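Only one structure is covered here, and it is reproduced in the block below.
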Amino acid sequence: MARLTEDQLISRFFAPLATHPGARGLTDDAATLSVPPGEHLVVTIDALVADIHFLADDDPDLIARKALRVNLSDLAAKGARPHAYTLCLALPPGWREDWLQRFAEGLAVDGKEFAFALLGGDTVKTTGPLTIAVNAFGLVPSDRIPRRDGAQPRDILYVSGSIGDGALGLLARRGAAALAGLAEVERDHLARRYLLPQPRTALAPAVLAHASASMDISDGLVGDLAKLLRASGASADVERDAVPLSPAAQAACKLDATLLETALTGGDDYEILCAVPSGQRAAFEAAARNSGVPVSPIGVVTSGHHVPRWFDSEGNDVQFARGSFSHF
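328 is the number that full-length UniProt numbering gives the last residue of the sequence shown; the numbers go up by one with no jumps.
Here it is, written out as structure tokens:
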């Protein structure tokens, strides 16, 4: 079968997604963005590599959606609303047009759901694994952007949703023996959470209004919390057993207690971790309820630069063999 040229590939699969006026239908070398008065442009980028962030035989529709959603999670943690994105796609030998069609369909689904339009990008060949990089742009009022470095002593630490499903979902996706005793519906839940993260864009206004510091959880709660506290020059007391786990994750941890550490350190959560001043606790929780995104308090920010103290429900110190996923 004859291969498409790069121009044909772009016009067939990606130009229909370029609905932002600054994209000019992908007919130019660069796109243009205008930032409304009183707002800042929030910029983030995440790269996904086959067999690191997804499995090469995963559904291309889900691969595309995950590539967008991990970036949408970063925007949500800054209180930003999605605006547009660029895409770099490095295709390995043997790629097929039907695979690319499914990939583009996945981009279209989430582009519509999150009002997230393609601006442009690049398509290249690679001798290595399939690699996808999305550069995402969001808009946020310029007078208040919750960064990592704003947490203060006595702030309450919150996480959204549930923690650990992504890391355990990767084990489920790989058929790990440790999860053999799980019910099929529980394995399916975990695998789905790994394949298709849920960016907490609906929570962004609550984060913007009330959080003193915020970030998304991508490399594991334990390690990402340490990053936020280092940036803020603070520490924390954190209750391990207050961290929300889904019923499926709870069932997995009952089968093998060591999986709890995997859940807390393994990454791929794409939930929001934020610090909220104690005086705004009720308002933040009310705003979260209105957003439909559950949030759970897990600890309190303390003064000092020491490693945050994790403890169980009986007050015993908890130690972790590693803090988070790391590529290096």
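Even for Gly, the Cβ is constructed at its ideal location relative to N, Cα and C. Small disclaimer: the values here were computed from a predicted structure and weren't measured.
Going by beta carbons, W310 and V207 fall outside the 8 Å limit. In its chain, beyond the 5 residues on either side, A226 and S235 have a beta carbon closer than 8 Å to the beta carbon of V307. The beta carbon of L259 is closer than 7 Å to those of L168, A178, A252 and C253 in its chain, skipping five residues each way along the sequence. Pairing S212 with H53, the inter-Cα distance amounts to about 30 Å. Along the segment 216–297, the beta strand (DSSP E) occurs as fully enclosed runs of 3 or more residues at 235–239 and 271–276, listed in sequence order.
L203 is not a Cβ neighbour of I145, given a cutoff of 8 Å. Spatial neighbours of K66 in its own chain (CB-CB distance under 8 Å, excluding positions within 5 residues in sequence) are listed in chain order as L48, H53, F54, L195, L196 and P197.
The C-beta separation of I217 from D256 comes to about 22 Å, leaving the pair out of contact by the 8 Å criterion.
Here the C-alpha atom of V318 lies approximately 52 Å from the C-alpha atom of I10. With a 10 Å radius around the Cβ and a threshold of 16 neighbouring Cβ atoms, S246 comes out buried.
Boundaries of the alpha helix (DSSP H) around G169: D165 to R173. Using a Cβ distance threshold of 8 Å, T44 and A90 do not count as a contacting pair. Our two residues, R102 and G223, have alpha carbons roughly 35 Å apart in a direct line. Collapsing the DSSP output to three states places G38 in coil. In the DSSP assignment, W99 falls outside any beta strand (DSSP E) and lies within the alpha helix (DSSP H) extending over E97 to E113. Nearest neighbour of S142 by Cα position, chosen from R154, F284 and E39, turns out to be E39.
Rounded to whole angstroms, the Cβ separation of A18 and L119 is 7 Å, and the two are in contact under 8 Å. Distances from the alpha-carbon of V134 to those of G175, A172 and H83 put H83 closest.
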